[in-house]
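I have placed the structure first, in the form of structure tokens, so that the comments after it can refer back to it.
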Amino acid sequence: MLVAPTTHFVEVGQAILYRGAGIDVVWKPFLWLAIIGAVLFALSLARFRKTISRMA
Numbered sequence: 545m546l547v548a549p550t551t552h553f554v555e556v557g558q559a560i561l562y563r564g565a566g567i568d569v570v571w572k573p574f575l576w577l578a579i580i581g582a583v584l585f586a587l588s589l590a591r592f593r594k595t596i597s598r599m600a
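Throughout, this note's numbering is defined as the position within the sequence shown, counted from one, plus 544.
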């Protein structure tokens, strides 16, 4: 479940909303969200480029 971005999003949301946590507390889940987002973006971009190259 650590690969799913919703796990980290919920952790950040609960920390901020219920405990009023600052960035010093939630930086690790934010980092995980950024890494997961970058990986998914890179995979999507590669797939998009592959699809476009087939069309041309």
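All C-beta atoms, glycine included, are put in the ideal place defined by N, C-alpha and C.
Alpha-carbon to alpha-carbon, residue j and residue i
i	j	result
residue 594	residue 587	11 Å
residue 567	residue 592	34 Å
residue 553	residue 577	7 Å
residue 572	residue 559	12 Å
residue 562	residue 569	13 Å
residue 596	residue 548	28 Å
residue 590	residue 600	16 Å
Integer Cβ distance of residue i from residue j, believed to fall under 8 Å
i	j	result
residue 585	residue 556	Wrong, their Cβ atoms sit about 19 Å apart, outside the cutoff.
Residues near residue i in its chain [Cβ-Cβ closer than 7 Å; skip 5 each side]
i	result
residue 545	551
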